[in-house]
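Heads up, the sequence shown is in UniProt numbering, so the first residue is 1 and it goes up one at a time.
Before any comments, here is the structure.
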Amino acid sequence: MQRDKIYNWEDDILPMIKAPYWVVDDPKAVGQTWIDEMQFWGQWDLSNYDDVKKRAVGIYKHLRSKAMPVTRNPDHYWPEDALEVFRNWVNSGFLKEAHAQPEKPEIVIPEPNDPPISYRVRKDIMSMSREELVIYQSKLDDILRVREPKSKWQELGVLHAYWCLHYQEATFLWHRAYLRYVEELIGCGIPYWNGYAKEAACQTSKFAGIPPMFLEETYVHPSGETRPNPLRFALALDGKSKQSPNTTVTRCSVLTEGQGSPDWKEKISFFKKYHDQIAHALKQSTYTTPESAEHFGIPWANITKFGNDQKDCLYPFRFDFDGLFEQVHDNFHGWVGPDMADNTYTAFDPIFLSYHANMDRLAGIFMDANPENQFTSRFPLQPFTNHGTDIDYDDPRRWRYTTIGDMAKDTRALGYVYGEPASPDFSTLKTAQERGVRRPVPSGGKAIVLPIGLPGQETAAASNLVRTAEKRELTPYVVFTEVGCTTSSYRIDVFTASAESMAPDAVGNPDFIGQVTRLGMGRGRDGSGPPNTNRCRKPTATRVLSAAKFKDRLSEGDVLKITVTDLDTGKEVDEEEYKQMSGFVPKLAWLPDH
1 MQRDKIYNWE DDILPMIKAP YWVVDDPKAV GQTWIDEMQF WGQWDLSNYD
51 DVKKRAVGIY KHLRSKAMPV TRNPDHYWPE DALEVFRNWV NSGFLKEAHA
101 QPEKPEIVIP EPNDPPISYR VRKDIMSMSR EELVIYQSKL DDILRVREPK
151 SKWQELGVLH AYWCLHYQEA TFLWHRAYLR YVEELIGCGI PYWNGYAKEA
201 ACQTSKFAGI PPMFLEETYV HPSGETRPNP LRFALALDGK SKQSPNTTVT
251 RCSVLTEGQG SPDWKEKISF FKKYHDQIAH ALKQSTYTTP ESAEHFGIPW
301 ANITKFGNDQ KDCLYPFRFD FDGLFEQVHD NFHGWVGPDM ADNTYTAFDP
351 IFLSYHANMD RLAGIFMDAN PENQFTSRFP LQPFTNHGTD IDYDDPRRWR
401 YTTIGDMAKD TRALGYVYGE PASPDFSTLK TAQERGVRRP VPSGGKAIVL
451 PIGLPGQETA AASNLVRTAE KRELTPYVVF TEVGCTTSSY RIDVFTASAE
501 SMAPDAVGNP DFIGQVTRLG MGRGRDGSGP PNTNRCRKPT ATRVLSAAKF
551 KDRLSEGDVL KITVTDLDTG KEVDEEEYKQ MSGFVPKLAW LPDH
C-alpha cells in the first residue's frame, strides 16, 4: 500500500472485490461468488458503491476478523495490505473516482493495535512447493528425529500406541489433540494426504496410491546436505518394523512398487468403496448417539398390529457419523499396512500424521455442517492438556486434561485451517455458515419429553402408528454387532450368499459387497498384549456396509459369505475360529430407505 495515496472506489476498492489480486486461481470467479452470496444472504450488493459505503465499518471488521468471506480456502482471506487500502479509502472520505471531490476526511476506522489474525495452515501435501515440503521434512528430521532411537518420534509413537481411543465418540477428537501436540512441537502445520480425492480411485492418476514424496529416497535439507527422506525412512517401534527384519516403517509392497505392480489396479479399486463409505458418513446428521439414548425406541409390545407395510417410525434406527467414519478409517489403515495396520506400530509411520490430518479435515467438515450436534463435552482426552498443546502422563486431576468439548470446535478456534485440496473431494458438504445458518439453535428446557399422543404433543402421528401405510422400499445392509477391540488386525471381506468367487475385487467381482477392517490394538512394546486395555469399551460398537447396489442379488434370510484374514500373518482365519470372536459374523438387515 502507498501511504501517501488517496484511494478511490472505481480504481482500487471495486477491483479488489470483483477480482481480488491475491487469489491465484480465477480471481474473477471468486469475486463474483462473494457478490452473489452477499446479494442472496444479505440482500445488498458488494459491487455497489452506496451499499459498501453504508456498511463499510462492518465490512472491515468482518474482513479483518476473517469472518468474511465465507470460505474454506485460507488464500481467499484479505491480506493486511488490502485491508489497509480499504481503511484508507473509508478514512479519506469514500472517494468514488480519482477526480471526485472527497467528503471531509475523518478517522472512521482507527488504526488497528492488535496483531492480525493468523491461522496455521494444513496444506494438501500434493499442492506443496518443494520448498514448503523441505521445511516439513526438516522439522521431522531436526526436531522429532524420526530416524533415531530414544527420540521424540519414538515417544510420540508409543504415546499413540498406549493412549489412543477407539470404538467410541472420542476417537477422532483424541487424534485431533494428538495432531495439535505434534504441531506445537514442530511449529508448522502437518500437510494432509487426501485419500478422499475423487482422482485417488483412478489407477492412472498421480493421486492414486501413496503420495510420491513418501517414496522418495532422499531430500536436500535447508543446510544443503542431502539426507535420507524422513517421510520414507522413519524408524519403526524400537527399530523393529512389523515386517521383520526391516528397521524402518514398512508399507504394502503393491503401493511401494506403484503402477508397475500386477496388483495395482485391484489395490486402487478399493478406493471406490472407501469413497462411498466416507460420503455415507458425511450425509448423516448425528455425530454420535449418547449412551443414554442408545436404547431409545418403541417396544415391540406396544405395536398392536404387524403386517408387510408397517410404518417406518415403528422401527427407529439411525446411522451415526463417528462409527461409520471410524469403520472406513480402519480400512485405510489396513490398506497402507503392515505397520499402519497395527495400532502398536501405526504412529511411527509419517503417513499416519498426514492421513489423520485428512480425517480430521473431513470430521471438521461434518461438524461445521451440523453445529447442533451434542458431545460428552467433559470427557478427558488423556494425556493432553492445554487444549492439546501439551501432555501430562500422570496428573490425577482429571479436570486438567483436554476434553472432547475443547476439541469439538471450529478449527479456527483451535488456531488452524485447511488449504484447498489439490484434487477435488469425491463429494462434500456445505457448512452451516455457507447455508446461511449463523448459529446453532439451542435445545433443552423441557423437564419431561412426552411421547407422541399425550397432551402437549401432536396426536395425528400417534393415531397413525398402527395403521397400514404406503408400501415402503427396503434397502439391504450388512450389519456387524458387538464389535470391540482386538489384539491382532483383521480384514473381513463380505460377499453375497450366491458368490462363486471369493476374490475381494471391487471392480471384477460382482458379488463382492465390501470390506471391514478391524484395526487391532497390537501387542504393545513388550509384546505381552494390548497396552492400556481400559481404553476400549466393551464390545458394543456396530459396523455396517450398504448393500444397496447388490439388492437384486440378495434375498431375505440370506446367509452372507465372508472371509476373514489375519493381517499379522496374511493367513485366512478358519470359520470355527472367527465365529468364536465377538462381532465377526454379519447379518443381513433390510431397513427402510434412509
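Built from N, CA and C at the ideal position, the CB exists for glycine as well.
Computed from a prediction, not measured in an experiment: that's the story for all the values here.
Between phenylalanine 321 and threonine 286, the beta carbon gap of about 7 Å places them in contact (Cβ cut-off 8 Å). Secondary structure at threonine 376: coil, using DSSP grouped into helix, strand and coil. Per DSSP, reduced to three states, the secondary structure at arginine 398 is helical. Rounded to whole angstroms, glycine 93 and aspartate 36 show a C-alpha spacing of 27 Å. Residue range 226-228 is occupied by the beta strand (DSSP E) that includes proline 228.
Annotated three-state conformation of threonine 247 is coil, per DSSP. Fewer than three pairs of CB atoms, one per stretch, sit closer than 8 Å, so the stretch 213-222 makes no contact with the stretch 383-398. The Cβ-Cβ distance between methionine 407 and glycine 388 falls below 8 Å. A distance of 8 Å or more separates the beta carbons of aspartate 493 and proline 476. In the displayed model, glycine 157 falls within a helix according to three-state DSSP.
Going by DSSP, tyrosine 418 is part of the beta strand (DSSP E) stretching over 416-418. Using a 10 angstroms sphere on the CB of asparagine 229, the tally of other CB atoms reaches 16 or more, which defines it as buried. Listed in chain order, the non-local C-beta contacts of valine 182 below 7 Å within the same chain comprise Leu156, Ile190 and Leu353, local neighbours out to five positions each way being set aside. Residue pairing for glutamate 572: DSSP places it in a beta bridge opposite Thr565. For tryptophan 22, there is no enclosing beta strand (DSSP E), since its DSSP letter is neither H nor E. Closest by C-alpha distance to threonine 563, out of Thr517, Thr171 and Asp410, is Thr517.
Ranking Asp566, Ala589 and Ala548 by CA distance to the CA of aspartate 276 puts Ala548 first.
Separation of the CB atoms of aspartate 568 and serine 489 is rounded to 7 Å, and the pair is thereby assigned contact status at 8 Å.
When the alpha-carbon of isoleucine 135 is set against those of Cys188, Lys123, Val90 and Tyr119, the nearest one is in Cys188.
Remark: fewer than three beta-carbon pairs, one from each stretch, lie closer than 8 Å, so the stretch 227-246 and the stretch 498-515 are not flagged as touching. The residue among Arg400, Gly520 and Gly323 with its C-alpha nearest the C-alpha of histidine 333 is Gly520. Considering only Trp153, Pro212 and Pro110, the residue with the shortest C-alpha distance to arginine 130 is Pro212.
The C-beta of aspartate 392 has fewer than 16 other C-beta atoms within 10 Å across all chains shown, which makes the residue exposed.
The straight-line gap separating the alpha-carbon atoms of arginine 523 and proline 112 is approximately 56 Å. In this structure, the alpha-carbon of asparagine 343 lies about 26 Å from that of lysine 409. Positions of the alpha helix (DSSP H) runs, each at least 4 residues long and wholly inside the stretch 6-78, are given as 14-18, 27-42, 49-54 and 56-64 in order along the chain.
Secondary structure at threonine 346: helix, using DSSP grouped into helix, strand and coil. In the three-state scheme derived from DSSP, where H, G and I count as helix and E and B as strand, tyrosine 578 is classed as helix. With at least 16 other beta carbons inside 10 angstroms of its own, asparagine 331 counts as buried.
Taking C-alpha positions only, leucine 429 is separated from phenylalanine 325 by approximately 15 Å. For tyrosine 196, the closest of Lys242, Asp425 and Phe86 by C-alpha to C-alpha distance is Asp425. Assignment of beta-bridge partners to glutamine 277 by DSSP yields no partner.
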